[in-house]
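Residue numbers (full-length UniProt numbering): 1 to 289.
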């Protein structure tokens with residue numbers, strides 16, 4: 001019912017929110033991209049994108065199709081590998097940011113290990129900025145992390161709002177510096193928090209620094225201060241601060257999959273894990289049980 005070619009085109013448009021950029025990424029004409037999306041919409045009987053002359057956005061049905069498309073393509077690739085006799089093997093150095101500590105990423109990795117037992121998977125959990133540095137230095141093969149605003153590399157997994165979070169009973173005094181709970185440099189959320197506060201002319205002070213998400217959560221639950229965090233990944237026991245808190249908006253953040261430059265023997269394993277992560281994208285937005 002759903003053609004893999006059309007699903008890949010749909011994903012490219014969903015990730016870039018641009019028919020032009022999707023066409024460039026896929027090496028197709030824009031008219032071909034539009035045709036693929038239209039045929040997929042016809043097959044689904046639903047409108048997947050709302051688009052005008054200024055913007056392209058996923059509809060509710062498009063959001064649903066996003067998860068289905070990733071899973072269908074992942075299974076399609078697994079079936080192709082099985083019947084062509086190609087076995088994914090080799091050493092794969094995978095880096096995931098601290099943001100995913102409390103999600104169901106371990107379930108995705110467990111399923112990957114089951115499907116690809118000949119892959120020697122090495123996991124590194126670090127700050128997003130550090131992971132990108134290690135990827136550029138050739139010390140990692142694949143990274144799942146936040147992306148710097150000026151960086152266009154990587155495949156978009158999803159885009160989210162950064163929000164201020166803290167303990168439920170936390171109240172900020174507008175006449176005192178904002179108490180901040182942050183990652184150490186080169187933490188991306190740290191840099192964004194300081195940037196927007198300084199732009200607003202709001203004073204701040206750092207009350208807790210930790211390279212561990214669990215350390216930050218403990219400080220926030222204790223009511224020591226506020227932290228910038230992905231809206232869809234708010235840890236249990238913490239809450240989004242209301243607008244009346246007076247804190248500036250933090251904007252959006254991209255979570256991406258980025259491949260190393262020198263792929264070589266790891267290419268097949270990295271592609272297989274990237275497909276598994278994209279297929280399980282919805283689970284990454286939910287806390288592990």
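Heads up, the beta-carbon is just placed ideally off N, CA and C, and yes, glycines get one too.
Residues bridged to residue i [DSSP beta-bridge criterion]
i           : result
residue 179 : 205
residue 165 : 227, 240
residue 95  : 124, 143
residue 258 : 143
residue 277 : For residue 277, which the question treats as bridged, DSSP gives no partner whatsoever.
residue 13  : DSSP lists no partner for residue 13.
residue 196 : DSSP output for residue 196 lists no bridge partner at all.
For residue j and residue i, believed in contact at Cβ under 8 Å, the rounded distance
i           : j           : result
residue 292 : residue 162 : Only positions 1 to 289 of the chain appear in the structure, and residue 292 is not among them; the question remains open.
residue 315 : residue 88  : Summary: the structure shown does not reach residue 315, with the chain confined to residues 1 through 289, and so no result is reported for it.
residue 156 : residue 256 : 6 Å
residue 73  : residue 40  : About 13 Å separates the two Cβ atoms, so there is no contact after all.
residue 64  : residue 11  : The pair is not a contact, with the Cβ atoms about 13 Å apart (cut-off 8 Å).
residue 299 : residue 218 : Any question about residue 299 goes unanswered here, given that the chain covers just 1 to 289.
Own chain partners of residue i with C-beta closer than 8 Å, once the 5 adjacent residues on each side are dropped
i           : result
residue 13  : 19, 22, 33, 37, 49, 56
residue 92  : 119, 120, 121, 122, 141, 142, 266, 269, 270, 273
residue 59  : 46, 47, 48, 49, 50
residue 224 : 179, 181, 207, 208
Proximity below 8 Å, CB of residue i to CB of residue j
i           : j           : result
residue 254 : residue 159 : yes
residue 190 : residue 178 : no
residue 260 : residue 138 : yes
residue 176 : residue 248 : no
residue 186 : residue 246 : no
Residues near residue i in its chain [Cβ-Cβ closer than 6 Å; skip 5 each side]
i           : result
residue 289 : Low confidence applies to residue 289: its pLDDT is 48, below 50, so where it sits in the model is not reliable, and the reading given next is rough at best. So no residue of the chain qualifies.
residue 213 : 98, 101
residue 125 : 96
residue 145 : 97, 128, 131
Chain-order list of residues whose beta-carbon lies under 7 Å from that of residue i (same chain, five-residue window excluded)
i           : result
residue 234 : 165, 240
residue 211 : 127, 183, 184
Min CB distance residue i to chain B below 8 Å
i           : result
residue 244 : Among the chains of the structure shown, chain B does not appear; only one protein chain is present.
Can you give, in chain order, each stretch of the beta strand (DSSP E) that sits fully within the region 31 to 89 and has at least 3 residues?
49 to 51, 56 to 58
Could you name each continuous alpha helix (DSSP H) segment of 4 residues or more that falls completely within the region 97 to 169, going from the start of the chain to the end?
105 to 115, 128 to 136
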